[in-house]
Amino acid sequence: MRLAGKNTVVTGAASGIGRETALRFAEEGAGVVCADMDTEGAAAVAASIVANGGAAHSVRADITSEADAARLAEESLAALDRIDVLVNNAGVTILGGVAELSEAEWQREIDINLSGAYRVSKAFWPHFADAGGGAILSTASIAGVVAARQDAAYVASKAGLIMLTRCMALDGAPHGIRANCVCPGFVDTPMFEGFIAEQPDPDASLARAAGRTPLGRIGTPRDIADGFVYLASDDARWITGTSLVIDGGLTIGLPE
Ligand SMILES: NC(=O)c1ccc[n+]([C@@H]2O[C@H](COP(=O)([O-])OP(=O)(O)OC[C@H]3O[C@@H](n4cnc5c(N)ncnc54)[C@H](O)[C@@H]3O)[C@@H](O)[C@H]2O)c1
Numbered sequence: 001m002r003l004a005g006k007n008t009v010v011t012g013a014a015s016g017i018g019r020e021t022a023l024r025f026a027e028e029g030a031g032v033v034c035a036d037m038d039t040e041g042a043a044a045v046a047a048s049i050v051a052n053g054g055a056a057h058s059v060r061a062d063i064t065s066e067a068d069a070a071r072l073a074e075e076s077l078a079a080l081d082r083i084d085v086l087v088n089n090a091g092v093t094i095l096g097g098v099a100e101l102s103e104a105e106w107q108r109e110i111d112i113n114l115s116g117a118y119r120v121s122k123a124f125w126p127h128f129a130d131a132g133g134g135a136i137l138s139t140a141s142i143a144g145v146v147a148a149r150q151d152a153a154y155v156a157s158k159a160g161l162i163m164l165t166r167c168m169a170l171d172g173a174p175h176g177i178r179a180n181c182v183c184p185g186f187v188d189t190p191m192f193e194g195f196i197a198e199q200p201d202p203d204a205s206l207a208r209a210a211g212r213t214p215l216g217r218i219g220t221p222r223d224i225a226d227g228f229v230y231l232a233s234d235d236a237r238w239i240t241g242t243s244l245v246i247d248g249g250l251t252i253g254l255p256e
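Residues 1 to 256 in this note's numbering are what the sequence shown lists, from first letter to last.
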């Protein structure tokens, strides 16, 4: 088991990539705190880990709240005593081009996807520094690497998260804190289903997403969770500040 003896916290753990990451971490022997603003969803994931013999707790936390971030750190440490890995995964998509987005939509996207990761990382930072290290992982996106039409706030939030990761890697290195992120392509989750459902022809959009991906299919949450297992493990002990693209080859080159 690659994460035996490690204790982890995953935000957005009630659904999609976060849910699968929590389950994979537990499969690899980690203790897991499942954090989400969806209280019931996070509790269900923690319960399923415990039912399979693992150690898990759930905490209700809205990452737009500094108080919730502080409470998440406190309750996680109270539950598991030591935390080795934090995964900033909670996020939302608010579609819209530069001209269409309202100021409030822009602010909300940045507040959740970028400031949320900052807030929660900062809440855990003193613990990692005192403990002599830890791993801070985040779910960015290929949308932080290449731009997309009608998605300005999301793209900017994820590009910011990639640079926040690098800043945390530099600031954290003297304390033994590693910071890395993954950049998923299209992944089959409730968020992606919602995005596809909003398209004028959802079936055609789904087929196009798979067709544009060189490896011929959209991703599964497990494809991403396996990347997190690697970055959380001691196999990644000399890796910090990196952005691991997991996209079936979508961003290798121009479409034909
Ligand atoms: N699905 C994709 O194709 C894809 C691609 C690239 C990146 N991502 C990123 O992956 C991450 C997970 O997305 P997903 O596809 O699993 O989505 P999802 O909607 O299935 O899950 C997101 C989870 O985050 C939680 N959440 C949202 N706002 C929150 C807040 N303020 N506080 C606490 N929890 C909150 C939700 O309750 C939900 O459980 C996101 O950061 C997303 O941007 C997804």
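Idealized CB from N, CA, C, for every residue including glycine.
Given the structure is predicted, the values throughout are model-derived calculations rather than measurements.
Mind checking which residues open and close the beta strand (DSSP E) that includes Arg19? Here residue 19 refers to the residue found at position 19 when the sequence shown is read from its first residue. Premise fails: Arg19 lies in the alpha helix (DSSP H), Gly16 to Glu27, not in any beta strand (DSSP E).
Could you give the uninterrupted runs of the beta strand (DSSP E) lying entirely in the stretch 119 to 175, keeping only those of 3 residues or more? Listed in chain order, they are 134 to 139.
Neighbourhood of Leu77 by C-beta distance below 7 Å, restricted to the same chain and skipping five residues each side: Reading the sequence shown from its first residue, position 77 is the one you call residue 77. The answer, listed in chain order, is Ile83 and His127.
Does the beta-carbon of Met191, which I'm using as the reference point, lie nearer than 8 Å to any heavy atom of ligand 1? Position 191 of the sequence shown, counted from the start, is the residue given in the question as residue 191. True, at least one ligand heavy atom lies under 8 Å from that Cβ.
For Ala179, list the residues DSSP reports as bridge partners. By 1-based counting over the sequence shown, the position of residue 179 is 179. Looking at the DSSP assignment, Ala179 forms a beta bridge with Ile136.
Rounded to a whole number of angstroms, what is the C-alpha to C-alpha distance between Thr139 and Pro184? In the sequence shown, the residue the question calls residue 139 occupies position 139. In the sequence shown, the residue the question calls residue 184 occupies position 184. Rounded to the nearest angstrom, the two C-alpha atoms are 8 Å apart.
Using 9 Å as the threshold, is the C-beta distance between Ile49 and Ala22 below it? Working through the sequence shown from its first residue, we reach residue 49 at position 49. Working through the sequence shown from its first residue, we reach residue 22 at position 22. Yes, they are a contact pair.
Given the structure, does Phe186 come close to ligand 1, in the sense that its CB is under 8 Å from one of the ligand's heavy atoms? One-based indexing of the sequence shown puts residue 186 at position 186. Yes - ligand 1 has a heavy atom lying nearer than 8 Å to the Cβ of Phe186.
Buried versus exposed, by CB contacts within 10 Å (16 or more), Cys167: What you label residue 167 is simply residue 167 of the sequence shown in a count that begins at 1. When all chains shown are included, Cys167 counts as exposed.
Considering Cα atoms alone, identify which of Gly248, Gly241, Val59 and Leu254 is closest to Asp38. To locate residue 38, count along the sequence shown from 1; it is residue 38. With distances taken between Cα atoms, Asp38 lies closest to Val59.
Using a threshold of 9 Å, state whether the C-beta atoms of Leu114 and Asn180 are closer than that. In the sequence shown, the residue the question calls residue 114 occupies position 114. In the sequence shown, the residue the question calls residue 180 occupies position 180. In this structure, Leu114 lies away from Asn180, with their beta-carbon atoms at least 9 Å apart.
To the nearest angstrom, how far is it from the Cα of Ala152 to the Cα of Gly5? Translated into the one-based positions of the sequence shown, residue 152 becomes position 152. Translated into the one-based positions of the sequence shown, residue 5 becomes position 5. Just so you know, the alpha carbons of Ala152 and Gly5 end up roughly 41 Å apart.
Extract the residue ranges of the beta strand (DSSP E) inside the stretch 28 to 53, only unbroken runs of 3 or more that lie entirely within it. Taking 3 residues as the minimum length, the beta strand (DSSP E) runs contained wholly in the stretch 28 to 53 are 31 to 36, in order along the chain.
Just to confirm, is the Cβ distance from Ile112 to Phe124 under 9 Å? One-based indexing of the sequence shown puts residue 112 at position 112. One-based indexing of the sequence shown puts residue 124 at position 124. Inclusion of Ile112 and Phe124 in the CB contact set at 9 Å is not warranted, their separation being larger than that value.
Looking only at its own chain, which residues have a Cβ that is under 8 Å from the Cβ of Arg271, when we skip the five neighbours before and after it? Residue 271 cannot be examined here, being either before or after the span of the chain that is shown, 1 to 256.
Cα-Cα, which of Tyr154, Ala14 and Ala159 is closest to Ala42? By 1-based counting over the sequence shown, the position of residue 42 is 42. Nearest C-alpha to Ala42 among Tyr154, Ala14 and Ala159: Ala14.
Under 8 Å by Cβ, that's how I've got Gly248 and Pro214 pegged, so tell me the actual separation to the nearest angstrom. Mapped onto the sequence shown, residue 248 falls at position 248. Mapped onto the sequence shown, residue 214 falls at position 214. Approximately 6 Å separates the beta-carbon atoms of Gly248 and Pro214; this is inside 8 Å, confirming the contact.
Thinking C-alpha only, which one of Val120, Ala55 and Gln107 is nearest Glu74? On the sequence shown, position 74 is the one that residue 74 refers to. Cα-wise, what sits closest to Glu74 is Val120.
For Gly116, name the three-state secondary structure that DSSP assigns. On the sequence shown, residue 116 is found 116 positions in, with the first residue counted as 1. When DSSP states are grouped into helix, strand and coil, Gly116 belongs to the helix group.
Just tell me which of Val146, Ile239, Ala207 and Thr8 has its CA closest to the CA of Thr165. Walking along the sequence shown from the start, residue 165 turns up at place 165. Of Val146, Ile239, Ala207 and Thr8, the residue nearest in Cα terms is Ile239.
Cβ-Cβ distance between Gly176 and Gly133 below 9 Å: Mapped onto the sequence shown, residue 176 falls at position 176. Mapped onto the sequence shown, residue 133 falls at position 133. Yes.
Taking the DSSP output, what are the residues bridged to Arg82? Reading the sequence shown from its first residue, position 82 is the one you call residue 82. Paired residue(s): none; Arg82 is not in a bridge.
With distances taken from CA atoms, which of Ala44, Gly219 and Asn7 is nearest Ile142? On the sequence shown, residue 142 is found 142 positions in, with the first residue counted as 1. Residue Gly219 holds the alpha-carbon nearest to the alpha-carbon of Ile142 among Ala44, Gly219 and Asn7.
For Ala30, the nearest candidate out of Leu86, Gly12 and Glu100 (CA to CA): As a first step, residue 30 is located in the sequence shown; it is residue number 30 there, counting from the start. Leu86 is the residue among Leu86, Gly12 and Glu100 whose C-alpha sits nearest the C-alpha of Ala30.
Name, in chain order, the residues that DSSP records as bridge partners for Val96. Against the sequence shown, residue 96 aligns to sequence position 96. For the sequence presented, residue 96 should be read as Gly rather than Val. Asp151, per the DSSP bridge assignment.
If I'm right that Ala35 touches Thr8 with Cβ under 8 Å, what's the distance once you round it to whole angstroms? Within the sequence shown, numbered from 1, the residue matching residue 35 stands at position 35. Within the sequence shown, numbered from 1, the residue matching residue 8 stands at position 8. About 11 Å separates the two Cβ atoms, so there is no contact after all.
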